[in-house]
Structure formats: structure tokens, C-alpha cells
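*Asks:*
There are 2 protein chains.
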Amino acid sequence: MEIAQNFMGPGATKTMARINENGNVVGTIIVNCEGFPETTTLDSLTAATYSTHMRNLSHHANNSLKEIDVTDELVVLRLVSRKTEAVVTPDHEFHLIAVMRRT
Amino acid sequence: MEIAQNFMGPGATKTMARINENGNVVGTIIVNCEGFPETTTLDSLTAATYSTHMRNLSHHANNSLKEIDVTDELVVLRLVSRKTEAVVTPDHEFHLIAVMRRT
Numbered sequence: 001m002e003i004a005q006n007f008m009g010p011g012a013t014k015t016m017a018r019i020n021e022n023g024n025v026v027g028t029i030i031v032n033c034e035g036f037p038e039t040t041t042l043d044s045l046t047a048a049t050y051s052t053h054m055r056n057l058s059h060h061a062n063n064s065l066k067e068i069d070v071t072d073e074l075v076v077l078r079l080v081s082r083k084t085e086a087v088v089t090p091d092h093e094f095h096l097i098a099v100m101r102r103t
Numbered sequence: 001m002e003i004a005q006n007f008m009g010p011g012a013t014k015t016m017a018r019i020n021e022n023g024n025v026v027g028t029i030i031v032n033c034e035g036f037p038e039t040t041t042l043d044s045l046t047a048a049t050y051s052t053h054m055r056n057l058s059h060h061a062n063n064s065l066k067e068i069d070v071t072d073e074l075v076v077l078r079l080v081s082r083k084t085e086a087v088v089t090p091d092h093e094f095h096l097i098a099v100m101r102r103t
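Just so you know, the sequences run in chain order A and B. Count the first sequence with full-length UniProt numbering and you get residues 1 to 103, in order. Count the second sequence with full-length UniProt numbering and you get residues 1 to 103, in order.
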């Protein structure tokens with residue numbers, strides 16, 4: 001699987017390549033702090049749609065956790081749906097999204 | 001662990017008891033369609049806080065998934081934070097929330 005664009009340095013590329021090696025992974029997206037996909041193995045439209053929604057959702061989840069306990073912080077958000085599975089890992093600068101097949 | 005209130009019938013009680021048997025589970029909540037905790041093993045305040053936030057989040061997640069693919073639907077939402085782990089299973093009438101220790 002080819003990584004379409006990359007402005008992220010070798011560390012991120014290596015991590016993405018490692019995740020993409022997993023047979024169940026459909027693709028990965030790295031979303032920048034402005035909410036745009038920076039690096040992805042998916043097509044641009046899918047990447048853009050996932051980026052917007054998953055980033056909003058991860059912010060919402062983080063805010064909810066902080067309202068329950070102000071010292072808490074979101075580490076991983078996993079959405080299992082009828083068709084796919086998405087894992088969002090938030091960071092201060094970037095969000096990593098992995099879209100997977102249902103196992 | 002005692003199930004504080006129960007208006008749900010034996011099926012739900014059995015499922016909750018089975019989940020609570022897991023040593024990592026702090027407590028479970030069944031949230032009704034109005035967003036109020038119906039049955040819980042947690043204290044009322046914690047249950048109410050989790051119910052509100054997790055139900056909103058699960059609706060947001062479901063809407064996001066439907067914007068990506070209108071035929072898709074949320075099955076499980078899992079939030080891993082620094083301190084805890086929460087699993088939300090949405091249903092038409094009820095949401096089941098399980099709060100767990102980080103492993």
C-alpha cells in the first residue's frame with residue numbers, strides 16, 4: 001500500500017507502514033491540528049471525510065472525559081460499526097486514524 | 001457487587017452480573033431512551049454523569065458514521081483514557097455502559 005503524501009518525517013512513515021502491514025487495516029490517515037489529512041493511504045475524499053468526523057468526535061470524547069474527571073485525557077477512541085472499525089489516537093499536534101475491516 | 005436499581009427484567013440483570021464478574025469492570029450502567037440511568041452498579045452521581053456524556057457521544061459517533069456511510073451503524077464505542085476505559089453499546093431503547101479499570 002502506497003503512502004500518498006508525506007510531510008511527516010521517517011518516524012511517522014514507519015509507524016504507518018507497520019500499521020498498514022496488518023491485513024485488516026484498510027488505510028491510515030494522519031490529521032494535522034487544522035483538521036486536514038496530512039498523510040494517508042486512503043483516497044482523498046474518504047480521508048477528508050474521516051478526518052473531519054473522527055477529529056470532531058475525538059475532541060468531543062476528550063471534553064466529555066474531562067467533564068467526568070478534569071485530570072483525565074483520551075488515549076484511544078475505537079468505533080466498531082456494522083461495516084468497519086475505526087481507531088483514533090489523538091495527540092497535541094496530530095491525530096492518527098486507522099480504518100479497519102470488521103473481524 | 002449489588003445492582004442498585006432494576007426495572008429491566010432478568011435478562012438485563014444477568015448480562016450486567018456477567019459483565020460485573022470481570023475483575024476489571026468498575027461498574028455498569030443501563031441508560032434509557034431519555035438519557036437517565038435505569039440500572040447501575042455505580043453511585044448515582046457517577047452514573048448520571050457517565051449516562052449524559054456517553055449517550056451524547058454515542059449519538060455523535062453514530063451520526064458521524066452515517067455521514068460517512070448512510071447504511072452503517074454504531075455497534076460499540078470504546079474510550080480508553082489515562083485513568084479508565086469505557087465501553088458503550090447503543091441500542092434503540094437502551095445504552096449499556098461499562099466502566100473499566102485500565103489494564
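Backbone N, C-alpha and C define an ideal beta-carbon position, used for all residues, glycine too.
#1: Applying the 10 Å Cβ sphere with the 16-neighbour rule, what's the burial state of B:T40?
#2: Leaving out the 5 sequence neighbours to the left and right, which residues in its chain are closer than 8 Å to B:E93 when beta-carbon positions are compared?
#3: Which of the three DSSP states is assigned to B:L74 in this structure?
#4: Helix, strand or coil for B:F15 per DSSP?
#5: Would A:S64 and B:L57 be called neighbours here (beta carbons separated by less than 7 Å)?
#6: Helix, strand or coil for B:R101? Go by DSSP, reduced to three states.
#7: Can you give, in chain order, each stretch of the beta strand (DSSP E) that sits fully within the UniProt domain "Roadblock/LAMTOR2" (16–99) of chain B and has at least 3 residues?
#8: Are the segment 12–26 of chain B and the segment 42–62 of chain A touching, with three or more C-beta to C-beta distances below 8 Å?
#9: With a Cβ-Cβ cutoff of 7 Å, do A:T98 and A:V80 count as a contact?
#10: Please name the residue, chosen from B:R102, B:N20, B:L74 and B:T103, that lies closest to A:R82 on a Cα-to-Cα basis.
#11: Using a C-beta cutoff of 7 Å, does A:Q5 count as contacting chain B?
#12: Would you call the CB atoms of A:I68 and A:A47 closer than 7 Å?
#13: Measure from the C-beta of A:A48 to each C-beta in chain B and report whether the shortest distance is under 7 Å.
*Replies:* The answer reads as follows:
#1: buried
#2: For B:E93, where only same-chain residues beyond five positions count, the Cβ hits under 8 Å are N32 and C33.
#3: It is a strand residue.
#4: The question names Phe, but residue 15 of chain B is Thr in the sequence shown. Correct three-state label for B:T15: helix.
#5: yes
#6: strand
#7: 25–31, 37–40, 74–81 and 84–90
#8: No, the segment 12–26 of chain B is not in contact with the segment 42–62 of chain A.
#9: Reading the sequence as shown, one finds Ala at residue 98 of chain A and not Thr. The criterion of a C-beta distance shorter than 7 Å is not satisfied by A:A98 and A:V80.
#10: B:L74
#11: With a pLDDT of only 46 at A:Q5, under the threshold of 50, the placement of this residue in the model should not be trusted; the figure read from the coordinates follows. Chain B contact via Cβ: absent.
#12: Here A:I68 is not near A:A47, since their CB atoms are 7 Å or more apart.
#13: no
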